[in-house]
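As structure tokens, the structure follows; a few thoughts come after it.
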Amino acid sequence: MRRYSLFKGHWRQNFFKTKESFNLVSLNLLAFILPVFIHLSIFSTETRYVWVVAYVILAVYINFRNWKYLGTALVAIVFYLCILMPTMFKHLLDDGLYIVQGTVIKSSDNYLIISNSKHNVLVLGINLTSVSKIIHGSLVEVKGNLSKNLSNIKFDKTFILSNSIKYVVNNSTIKQVSYQTESLNQLLSAYGANKIYFARYWSTMVFGINDSQIANTKARLINVSHLLVISGLHFDLLFYFIALLANKIFKKHKSSLYFVIAILFCYVILLNSFVSAIRSLIMLFIKHQKRLGNYEFKYYDGWFIALIVVFSLNFDLVFSLSFILSFTCSFVLLTLSNLINIKWNILKTLIIFTLIYLFNLPIIAKINSSLNLLSFIFSIVLIPIFEIYYLMSIIFFWSTDFMNFAYYLLDELLNILIDFSALLTVKVYSSWLLVSINIFAWFIVLSVMSVVKNNKKIRQLA
Numbered sequence: 001m002r003r004y005s006l007f008k009g010h011w012r013q014n015f016f017k018t019k020e021s022f023n024l025v026s027l028n029l030l031a032f033i034l035p036v037f038i039h040l041s042i043f044s045t046e047t048r049y050v051w052v053v054a055y056v057i058l059a060v061y062i063n064f065r066n067w068k069y070l071g072t073a074l075v076a077i078v079f080y081l082c083i084l085m086p087t088m089f090k091h092l093l094d095d096g097l098y099i100v101q102g103t104v105i106k107s108s109d110n111y112l113i114i115s116n117s118k119h120n121v122l123v124l125g126i127n128l129t130s131v132s133k134i135i136h137g138s139l140v141e142v143k144g145n146l147s148k149n150l151s152n153i154k155f156d157k158t159f160i161l162s163n164s165i166k167y168v169v170n171n172s173t174i175k176q177v178s179y180q181t182e183s184l185n186q187l188l189s190a191y192g193a194n195k196i197y198f199a200r201y202w203s204t205m206v207f208g209i210n211d212s213q214i215a216n217t218k219a220r221l222i223n224v225s226h227l228l229v230i231s232g233l234h235f236d237l238l239f240y241f242i243a244l245l246a247n248k249i250f251k252k253h254k255s256s257l258y259f260v261i262a263i264l265f266c267y268v269i270l271l272n273s274f275v276s277a278i279r280s281l282i283m284l285f286i287k288h289q290k291r292l293g294n295y296e297f298k299y300y301d302g303w304f305i306a307l308i309v310v311f312s313l314n315f316d317l318v319f320s321l322s323f324i325l326s327f328t329c330s331f332v333l334l335t336l337s338n339l340i341n342i343k344w345n346i347l348k349t350l351i352i353f354t355l356i357y358l359f360n361l362p363i364i365a366k367i368n369s370s371l372n373l374l375s376f377i378f379s380i381v382l383i384p385i386f387e388i389y390y391l392m393s394i395i396f397f398w399s400t401d402f403m404n405f406a407y408y409l410l411d412e413l414l415n416i417l418i419d420f421s422a423l424l425t426v427k428v429y430s431s432w433l434l435v436s437i438n439i440f441a442w443f444i445v446l447s448v449m450s451v452v453k454n455n456k457k458i459r460q461l462a
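Quick note on numbering: full-length UniProt numbering labels position 339 of the sequence shown as 339, and the sequence is numbered without any gaps.
What follows is the structure, given as structure tokens:
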């Protein structure tokens, strides 16, 4: 019994040292993300209990570390509820025939999402009476049967939630399409439209607009859809490329950093899907800024600040695929980079890449309903290729002929990979519950491992 008591006391002593010394993230930032779990618990019915458990664990952890920080959490929750409550009890229109006016915020071959001062509306069964092309930012007038019953829509529920859709319009007819004066989206959509492959890839890869069904389908067949859209990896590469040029202009590091951030912020404004870009921009700024006044940023501060900023911009973004993939993968990457100590950088990178691939398997199965058995190898091969193409798309945007030929080569490469692996694609089904449990389990395990590693360092220093 005496031996057990000594061991127990030693464990407690080390644990409290961990509480004092574990400084990978500010407790204020931990407290500020509690509303994220509240939002997930309220609206995500399929995975509600996972997020309730996550909320309780985080609240107990903050209280155990320092209960005073729960005051910060209370402020964040009150702020969240003050914004949320008026929208939850907003009166909805009765079903019937309506004319809906608004701005197109998302479009595809078979649907539109229109936003106005009241709600976001999903428009299905489109019958165009206008010859004008509908693009992001178009002002449209739609006539159709409006309904607030969204249960029968053949879209994933996360699509409905992430786009804040309150109504659906069926049997719709678009009566009028107009554009804002000198619309930048109109210019970008029309740029290079007469070049088949340029039109298929350029605007999607650089700005996330005009999503090509052909390009998306090809990327999805080999499970590399994430490489086609703007990701944090793309943005990191662009940051360091611009920084390389800026360092030749500015002598001071801070001036160069602020110049790069300003340029990239202007670029973010033009993006259709900005989640990954904003996350990457904030994390890069904090990583290189290092401190604000007397406060020195901690290892995870950039990630948590980015999460809080994106969530504050639009609560429902937490349900979007871009949010889920961007923030979960970046957290896993940060943690694994901190946990794995291997001198050979190539081996360390390969191990981290493999673990992130395994982490993403449930969500890949959910998105594609299939798994290409060679997708791991394809990702390794295609990541540097897509990164080069991303930079080329920005640097050589003025040469549509050259980039059209370059995109033709990329398109043919995708065709070869699809044909080569056609027989190696298996049907795999997943659910958002499985995806959520997978995310929750990885976060818990990695967090515990980080604490254990920190605890070991404390014992060595004691």
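Even for Gly, the Cβ is constructed at its ideal location relative to N, Cα and C.
The alpha helix (DSSP H) runs lying completely inside the segment 173–201 and spanning 4 residues or more are 184–190, given in chain order. Between Val123 and Gly144, the CB-CB gap stays under 8 Å.
A check of alpha carbon separations from Arg65 across Ile83, Leu27, His234 identifies Leu27 as the nearest. Residue environment for Met403: buried (at least 16 other C-beta atoms within 10 angstroms of its C-beta). Counting other Cβ atoms within 10 Å of its Cβ, Trp202 reaches 16 or more and is therefore classed as buried. Contact between the segment 191–199 and the segment 230–246 is absent: fewer than three C-beta pairs spanning the two stretches fall below 8 Å. Judged by beta-carbon spacing, Leu307 lies within the 8 Å limit of Ile33, meaning their Cβ atoms are closer than that value. Taking the C-beta atoms as reference points, Lys287 is found no nearer than 8 Å to Glu296. Distance from the Cα of Ser231 is smallest, within the candidate group Ser189, Ser280, Phe353, Trp303, for Ser280. For Gly144, the enclosing beta strand (DSSP E) begins and ends at 139–147. Between the alpha carbons of Asn171 and Ser178 lies a distance of about 21 Å.
DSSP, read as helix, strand or coil, puts Glu296 in strand.
In the three-state scheme derived from DSSP, where H, G and I count as helix and E and B as strand, Val310 is classed as helix.
Pairwise C-beta distances place the segment 144–161 in contact with the segment 97–117, as three or more of them are shorter than 8 Å. In the three-state DSSP reduction, Tyr429 falls in the coil class, being neither helix nor strand. By the criterion of a C-beta distance shorter than 6 Å, Trp51 is surrounded in its chain by Phe37, Leu40, Ser41, once the five residues flanking it on both sides are discounted. In this structure, the CA atom of Gly71 is about 11 Å from the CA atom of Ala59. Note that the C-beta distance between Asn223 and Asn368 is below 8 Å. Annotation for Arg48: Ser41 place their beta carbon closer than 6 Å to its own, counting only its chain and skipping 5 residues before and after.
A contact between stretches requires three or more CB pairs, one per stretch, nearer than 8 Å, and the segment 409–419 fails this requirement with the segment 354–363. A residue is called buried once 16 or more other Cβ atoms fall within 10 Å of its Cβ, and Cys82, having fewer, is exposed. The residue from Leu30, Val25, Glu46, Lys148 with its alpha-carbon nearest to that of Phe319 is Glu46. Collapsing the DSSP output to three states places Ile134 in coil. In the three-state reduction of the DSSP assignment, Thr217 falls in the helix class.
For the pair Asn163 and Trp398, the Cα-to-Cα distance works out to about 33 Å. Cβ neighbours of Phe396 within its own chain (closer than 7 Å, five residues either side excluded): Phe402, Met403. Around Ile342, the same chain offers Lys348, Ile351 as residues with beta carbons nearer than 8 Å, after the five sequence neighbours per side are excluded. By the beta-carbon neighbour count (other beta carbons within 10 angstroms, threshold 16), Met88 is exposed. Phe327 is positioned such that its CB atom lies no closer than 8 Å to that of Leu270.
Excluding five sequence positions before and after Phe376, the CB atoms of its chain that fall closer than 8 Å to its own CB belong to Thr354, Tyr357, given in chain order.
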